[in-house]
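The block underneath contains the structure these notes are about, expressed in structure tokens.
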Amino acid sequence: MVVSKMNKDAQMRAAINQKLIETGERELLKELLRAKLIECGWKDQLKAHCKEVIKEKVLEHVTVDDLVPEITPKGRALVPESVKKELLQRIRTFLAQHASL
């Protein structure tokens, strides 16, 4: 029963994602997110956090693969609730308009 629900959820997410891609809404959401994150200073805050992590690690050659696990939790935590709510509302509106999913 649990596997079936998980499989159904995965299928639903895939269908929604496909519809977002087909309609171009996914790209619009990505652009909105980029703009909102820059506008609220998220990008600058995360950049500063990256510099801190690099200094703490005292590594001469830090790779993106080294940084990602270090900065991801902070990056997610720094996203303002208002940005999350706005994106969620846009997705809900999209889903309401494409109720056949």
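Going by the working numbering, the sequence shown opens with residue 1327, and the numbers climb by one from there. Idealized CB from N, CA, C, for every residue including glycine.
DSSP places P1399 in the uninterrupted alpha helix (DSSP H) bounded by 1390-1404. The residue from Q1337, L1372, A1422, T1349 with its alpha-carbon nearest to that of L1404 is L1372. Counted as a single uninterrupted DSSP element, the alpha helix (DSSP H) harbouring A1361 occupies residues 1351-1365. Excluding residues up to 5 positions away in sequence, N1343, L1346 lie with their Cβ nearer than 8 angstroms to the Cβ of R1352 in the same chain.
When C-alpha distances from G1401 are compared across K1411, Q1415, H1375, the shortest belongs to H1375. DSSP places A1374 inside the alpha helix (DSSP H), whose first and last residues are 1368-1383.
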